[in-house]
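Quick note, the sequences are listed as chains P and H, same order.
Going by my numbering, 285 is the number at position 129 of the first sequence; the sequence numbering is gapless.
Going by my numbering, 362 is the number at position 10 of the second sequence; the sequence numbering is gapless.
Even for Gly, the Cβ is constructed at its ideal location relative to N, Cα and C.
Keep in mind it's a predicted model, so treat the numbers as computed, not measured.
Step one of this worksheet: look at the structure below.
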Amino acid sequence: MNVFRLAGDLSHLLAIIILLLKIWKTRSCAGISGKSQILFAIVYLSRYLDLFTTFISVYNTFMKFVFVVSSLGTLYLMYLKFRATYDHNHDSFRIEFLLVPCVVLALLINHDFTVLEVLWTFSIYLESVAILPQLFLVSKTGEAESITSHYLFALGSYRALYILNWIYRYVAESHYDLIAIIAGIVQTILYCDFFYLYITKVLKGKKLQLPA
Amino acid sequence: SNKESQHDEL
Numbered sequence: 157m158n159v160f161r162l163a164g165d166l167s168h169l170l171a172i173i174i175l176l177l178k179i180w181k182t183r184s185c186a187g188i189s190g191k192s193q194i195l196f197a198i199v200y201l202s203r204y205l206d207l208f209t210t211f212i213s214v215y216n217t218f219m220k221f222v223f224v225v226s227s228l229g230t231l232y233l234m235y236l237k238f239r240a241t242y243d244h245n246h247d248s249f250r251i252e253f254l255l256v257p258c259v260v261l262a263l264l265i266n267h268d269f270t271v272l273e274v275l276w277t278f279s280i281y282l283e284s285v286a287i288l289p290q291l292f293l294v295s296k297t298g299e300a301e302s303i304t305s306h307y308l309f310a311l312g313s314y315r316a317l318y319i320l321n322w323i324y325r326y327v328a329e330s331h332y333d334l335i336a337i338i339a340g341i342v343q344t345i346l347y348c349d350f351f352y353l354y355i356t357k358v359l360k361g362k363k364l365q366l367p368a
Numbered sequence: 353s354n355k356e357s358q359h360d361e362l
C-alpha cells in the first residue's frame, strides 16, 4: 500500500458514495446510465470472486465487499426503487458491443488460462470501458448535473491515481502487471475530455454543458 | 510480464 493507491481507492469509494447519495437524496436516478452501472456490477462480481479463495488483508476484503454490495444497491435503486426516474430513452448504448470484445480479449490475452484469472482479466478490460454508456448518455442529453460531474470526476481520478501507484510500485518494488497498467491507461484516457470540461466549467460554478 | 498468482489491488 502506498499513498497513491490509498488515494485512488478512497476516490473510488467517494465516487460510489456520491452516486448513492445523489440517487437517495433526490429520489431520482436521472442522468445516470443504468448500462454503466450494470457493467460495473459485472466488473466487481467477476473480479472479486477471489473473496472466496484468497485472503489478502482486512482492508482488501472490506473494500471488495463494499464495491460489490454498493454496485448491487445502485442497481436496486435504479431498476426497482426509483425505476420511474430512470432515463432509459437516452441510455441507449448497446453494452454487448463492450461485453463481447472484452470476453474475447480476456480469453486471448491473460496471465494464466484458468477460470478465475480469465474472469479477473475480463473484469479489468470491462472496467476500462464501462463508463462509455455514461459518457454517451451525457453527450446525448448535452449536459450533466454538477453532482453527476463530481461522481464522474471522482470515478475517473481513481484509475489516474492508480497509474501513479503502478509507477511507484515499478520503481520501489519492481512490481508491474501489464494487463492492469494498459487497461488503466485506456480507462483514464476515456475520461480526459470530461476532465477538461470539469476543470474549465464545473469547478468555476458552471453547469457541465456540451457545446451544441 | 510479471505473472501474478494473486491480485492484491482492487
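Span of the alpha helix (DSSP H), counted from its first residue to its last, around residue i
{"i": "GLU252/P", "result": "252-264"}
{"i": "GLU283/P", "result": "271-285"}
{"i": "VAL327/P", "result": "302-329"}
{"i": "ALA186/P", "result": "Premise fails: ALA186/P is in no alpha helix (DSSP H) and is neither H nor E."}
{"i": "ALA336/P", "result": "334-356"}
{"i": "GLY157/P", "result": "For clarity, residue 157/P is Met in the given sequence; the question names Gly instead. No alpha helix (DSSP H) holds MET157/P; DSSP gives it neither H nor E."}
{"i": "LEU291/P", "result": "288-297"}
{"i": "TYR204/P", "result": "Premise fails: TYR204/P is in no alpha helix (DSSP H) and is neither H nor E."}
{"i": "LYS220/P", "result": "214-232"}
Within chain H, the residues that residue i reaches when beta carbons sit closer than 9 Å
{"i": "MET234/P", "result": "Simply none; closest approach about 23 Å."}
{"i": "ARG161/P", "result": "GLU361 and LEU362"}
Classification of residue i by the beta-carbon crowding that lies within 10 angstroms, buried from 16 upward
{"i": "LEU362/H", "result": "buried"}
{"i": "ASP268/P", "result": "exposed"}
{"i": "LYS363/P", "result": "exposed"}
{"i": "HIS359/H", "result": "buried"}
{"i": "LEU264/P", "result": "exposed"}
{"i": "ALA368/P", "result": "exposed"}
{"i": "VAL159/P", "result": "exposed"}
{"i": "PHE218/P", "result": "exposed"}
{"i": "SER305/P", "result": "buried"}
{"i": "LYS178/P", "result": "buried"}
{"i": "PRO257/P", "result": "exposed"}
{"i": "LEU376/P", "result": "Here chain P covers residues 157 to 368 and nothing more, so residue 376/P does not appear."}
{"i": "ILE345/P", "result": "exposed"}
{"i": "VAL285/P", "result": "buried"}
Chain-ordered chain H contacts of residue i [CB-CB under 7 Å]
{"i": "THR277/P", "result": "What THR277/P touches in chain H: nothing, since even the nearest Cβ is about 10 Å away."}
{"i": "ASP165/P", "result": "LEU362"}
{"i": "ALA210/P", "result": "First, the amino acid is wrong: residue 210/P is Thr here, not Ala. Within chain H, the residues near THR210/P are GLN358."}
{"i": "ASN266/P", "result": "Chain H residues near ASN266/P: none, gap ~10 Å exceeds 7 Å."}
Cα-Cα separation between residue i and residue j, rounded to whole angstroms
{"i": "GLN343/P", "j": "VAL214/P", "result": "27 Å"}
{"i": "LEU201/P", "j": "GLY298/P", "result": "32 Å"}
{"i": "GLU329/P", "j": "ILE280/P", "result": "22 Å"}
{"i": "THR356/P", "j": "LEU207/P", "result": "41 Å"}
{"i": "THR277/P", "j": "ILE173/P", "result": "26 Å"}
{"i": "LEU291/P", "j": "SER302/P", "result": "14 Å"}
{"i": "LYS355/H", "j": "LEU272/P", "result": "Residue confidence for LYS355/H is low, a pLDDT of 46 falling below 50, so the modelled location carries little weight and cannot support an answer."}
{"i": "LEU205/P", "j": "ILE198/P", "result": "11 Å"}
{"i": "GLY361/P", "j": "LEU293/P", "result": "22 Å"}
{"i": "ASP247/P", "j": "PHE253/P", "result": "14 Å"}
{"i": "LEU195/P", "j": "LEU261/P", "result": "16 Å"}
{"i": "ILE391/P", "j": "ILE341/P", "result": "Because residue 391/P is not part of the residues shown, which for chain P are 157 to 368, the question remains open."}
{"i": "SER295/P", "j": "LEU175/P", "result": "19 Å"}
{"i": "SER353/H", "j": "GLU283/P", "result": "Since pLDDT at SER353/H reaches only 39, below the 50 mark, its modelled position is unreliable, and the value read off the structure follows with that caveat. When rounded, the distance between both Cα atoms is 21 Å."}
{"i": "GLY190/P", "j": "ASP333/P", "result": "30 Å"}
Partners in chain H for residue i, counting only beta-carbon separations shorter than 8 Å
{"i": "LYS220/P", "result": "LEU362"}
{"i": "ASN158/P", "result": "Here the premise fails: no neighbours, minimum Cβ distance about 11 Å."}
{"i": "ASN216/P", "result": "ASP360 and LEU362"}
Residue i CB to nearest heavy atom of the ligand ATP below 6 Å
{"i": "ILE341/P", "result": "For the ligand ATP, the structure offers nothing, since it holds no ligand at all."}
Chain C within 7 Å of residue i, Cβ atoms only
{"i": "LEU288/P", "result": "In the displayed structure, chain C is absent; the protein chains listed are P and H."}
Take every Cβ of the segment 237-255 of chain P, pair it with every Cβ of the segment 161-172 of chain P, and state whether three or more of those distances are shorter than 8 Å.
no
With a cut-off of 8 Å, do at least 3 Cβ pairs link the segment 320-337 of chain P to the segment 209-229 of chain P?
no
Pair every Cβ in the segment 348-355 of chain P with every Cβ in the segment 303-318 of chain P, then say whether three or more of these pairs are closer than 8 Å.
yes
Looking at C-beta atoms only, is the number of pairs between the segment 216-224 of chain P and the segment 240-258 of chain P that lie closer than 8 Å three or more?
no
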